[in-house]
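A.B. asks: When the sequence shown is numbered by my numbering, its final residue is 297 and no position is left out of the sequence of numbers.
Supplied in structure tokens, the structure appears directly below.
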Amino acid sequence: MFETVAVIGGDLRQLTLAKLLREEGYNLFLYGFDKDIKTDIPETETNPDYALAADIVILPIPVTFDGVYINSPYAANPLSIEEFLDGINPSAIIFGGQIKPELANALENKGIAYRDYLKREELSIRNAIPTAEGAIEIAISETPITLHGSKCLVLGYGKIGKILSKMLFGLGAQTFVEARKYADLAMIEGHGYEPLALCELKSRIGEFDVIFNTVPAMILGSNLLKKVKKDALIIDLASKPGGVDFKTAKEVGVKVIWALSLPGKMIC
Numbered sequence: 030m031f032e033t034v035a036v037i038g039g040d041l042r043q044l045t046l047a048k049l050l051r052e053e054g055y056n057l058f059l060y061g062f063d064k065d066i067k068t069d070i071p072e073t074e075t076n077p078d079y080a081l082a083a084d085i086v087i088l089p090i091p092v093t094f095d096g097v098y099i100n101s102p103y104a105a106n107p108l109s110i111e112e113f114l115d116g117i118n119p120s121a122i123i124f125g126g127q128i129k130p131e132l133a134n135a136l137e138n139k140g141i142a143y144r145d146y147l148k149r150e151e152l153s154i155r156n157a158i159p160t161a162e163g164a165i166e167i168a169i170s171e172t173p174i175t176l177h178g179s180k181c182l183v184l185g186y187g188k189i190g191k192i193l194s195k196m197l198f199g200l201g202a203q204t205f206v207e208a209r210k211y212a213d214l215a216m217i218e219g220h221g222y223e224p225l226a227l228c229e230l231k232s233r234i235g236e237f238d239v240i241f242n243t244v245p246a247m248i249l250g251s252n253l254l255k256k257v258k259k260d261a262l263i264i265d266l267a268s269k270p271g272g273v274d275f276k277t278a279k280e281v282g283v284k285v286i287w288a289l290s291l292p293g294k295m296i297c
């Protein structure tokens, strides 16, 4: 029987979850929110040993950025993956988002059950909505123009790309969307956006006022960045290591904002 729940690390989504669990009366352990933030959760144990001994352990999205430490931006002393594996309750069930294969293998070798909740399609889609909203908020606040009438390019037509394109189009932006698959390019055109094949980027990249990257691979390299307008804004929504050559962007004077963990910043 599961009697205790631990929430370890993560952004404000995790803290909101912890508050909801506490309100529901769960015996809650919390670790990773002792720096630059007030938790406001009464009667909550923050000892990492207690957290690791819980029956259910909820890790963040993503669980880790570097493969060394659990993603804990508000922790004075982030818990390492090694410490986590050494101290975890062997009968616990682990929940986390984007669980890396190395961690998954380690948990399997220990016989510990785990679930990656971003493999649930409905959660992955809903997680994309605040990401798109956050990206638009950044574009509005960081540019001297209105998005209405501006030329915006969305790189990638996955979950975030689809939602972001729809939002930009609804705001009246001239919405261009890059995709690799012919089926995606046809769907982009069908929605009223301007389709852009990957091979066209080199000749068209200099047209855009705001460029949103959703592709988790190096797509805006040196050759393309040198053709981007100097007053353009690039918002990279891809997880580490990102999809932009940040060094070259700085050298050529193109502004880039790497917007990580936007859902956590928007939800709370």
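Beta carbons: idealized from backbone N, C-alpha and C, even for Gly.
Fair warning: this is a prediction, and the values are worked out from it, not measured in the lab.
Kindly provide the ranges of any beta strand (DSSP E) runs that are 3 or more residues long and lie completely inside the stretch 189-243, ordered along the chain.
C.D. replies: 203-208, 223-226 and 239-242
A.B. asks: DSSP puts F95 in a beta bridge; with which residues?
C.D. replies: Residue numbering aside, residue 95 sits at position 66 when the sequence shown is read from its first letter. Residue 95 is actually Asp in this sequence, not Phe. Bridge pairing for D95: absent [DSSP].
A.B. asks: Take D63 and list the residues in its own chain whose beta-carbon comes closer than 6 Å to its own, dropping the five residues that flank it on each side.
C.D. replies: In the sequence shown, the residue the question calls residue 63 occupies position 34. A105.
A.B. asks: Classify I37 as helix, strand or coil using the three-state DSSP reduction.
C.D. replies: As a working mapping, residue 37 is identified with position 8 in the sequence shown. Correct three-state label for I37: strand.
A.B. asks: Decide yes or no for the touch test of the stretch 181-197 against the stretch 131-149: beta carbon pairs closer than 8 Å, at least 3 of them.
C.D. replies: no
A.B. asks: What whole-angstrom Cβ distance do M196 and I165 have, given they're in contact under 8 Å?
C.D. replies: Within the sequence shown, residue 196 is the residue found at index 167, counting from 1. Within the sequence shown, residue 165 is the residue found at index 136, counting from 1. Going by Cβ atoms, the distance from M196 to I165 rounds to 6 Å, so yes, they are a contact pair.
A.B. asks: Grab me the residues of G178's own chain with a C-beta within less than 8 Å of its C-beta, minus the 5 sequence neighbours each way, in chain order.
C.D. replies: Within the sequence shown, residue 178 is the residue found at index 149, counting from 1. In the same chain as G178, and ignoring 5 residues on each side of it, the C-beta atoms closer than 8 Å to its own belong to G201, A202 and Q203, in chain order.
A.B. asks: Give the C-beta separation of N56 and L81 to the nearest angstrom, bearing in mind that I take them to be a contact with Cβ-Cβ under 8 Å.
C.D. replies: Counting from one through the sequence shown, the residue named residue 56 turns up at place 27. Counting from one through the sequence shown, the residue named residue 81 turns up at place 52. Not a contact, Cβ separation roughly 15 Å.
A.B. asks: Alpha carbon to alpha carbon, how far is K258 from G13? Give it in angstroms, no decimals.
C.D. replies: Outside the displayed span of the chain (30 to 297) sits residue 13, for which this structure offers no information.
A.B. asks: Measure the C-alpha to C-alpha separation of K255 and V206 and round it to an integer number of angstroms.
C.D. replies: Your numbering for residue 255 matches position 226 in the sequence shown. Your numbering for residue 206 matches position 177 in the sequence shown. So the two alpha carbons sit approximately 20 Å from each other.
A.B. asks: Is DSSP giving L180 helix, strand or coil here?
C.D. replies: In the sequence shown, counting from the first residue as 1, residue 180 sits at position 151. For the sequence presented, residue 180 should be read as Lys rather than Leu. K180: strand per DSSP, three-state reduction.
A.B. asks: L136 to F124, Cα distance in whole Å?
C.D. replies: Within the sequence shown, the letter at position 107 stands for residue 136. Within the sequence shown, the letter at position 95 stands for residue 124. So the two alpha carbons sit approximately 11 Å from each other.
A.B. asks: Could you check whether D238 and I174 sit closer than 8 Å to each other, using their CB atoms as the reference points?
C.D. replies: If you number the sequence shown from 1, residue 174 lands on position 145. If you number the sequence shown from 1, residue 238 lands on position 209. Yes; because the gap between Cβ atoms is below 8 Å, this pair is in contact.
A.B. asks: Taking only three categories from DSSP, how would you classify F275?
C.D. replies: By one-based count along the sequence shown, residue 275 stands at place 246. It is helical.
A.B. asks: Return the first residue and the last residue of the beta strand (DSSP E) that R144 is part of.
C.D. replies: By one-based count along the sequence shown, residue 144 stands at place 115. Per DSSP, R144 belongs to the beta strand (DSSP E) from A142 to D145.
A.B. asks: For N76, which three-state DSSP category applies?
C.D. replies: Here residue 76 refers to the residue found at position 47 of the sequence shown. Three-state result, N76: coil.
A.B. asks: Counting Cβ pairs, one atom from each stretch, are 3 or more of them under 8 Å apart for the stretch 232-249 and the stretch 258-273?
C.D. replies: yes
A.B. asks: Can you name, in chain order, every residue of its own chain whose Cβ lies under 7 Å from the Cβ of I70, other than the five neighbours on each side?
C.D. replies: As a position in the sequence shown, residue 70 is number 41, starting the count at 1. Result list for I70: A47, K48, R51 and L59, in chain order.
A.B. asks: Near D65, what residues of its chain come up, given a Cβ to Cβ distance below 8 Å and the 5 sequence neighbours on each side ignored?
C.D. replies: Your numbering for residue 65 matches position 36 in the sequence shown. Hits under 8 Å: Y103.
A.B. asks: Taking D265 as the reference, give the member of T160, A226 and E223 with the closest Cα.
C.D. replies: To locate residue 265, count along the sequence shown from 1; it is residue 236. When each option's Cα is compared against that of D265, the closest is T160.
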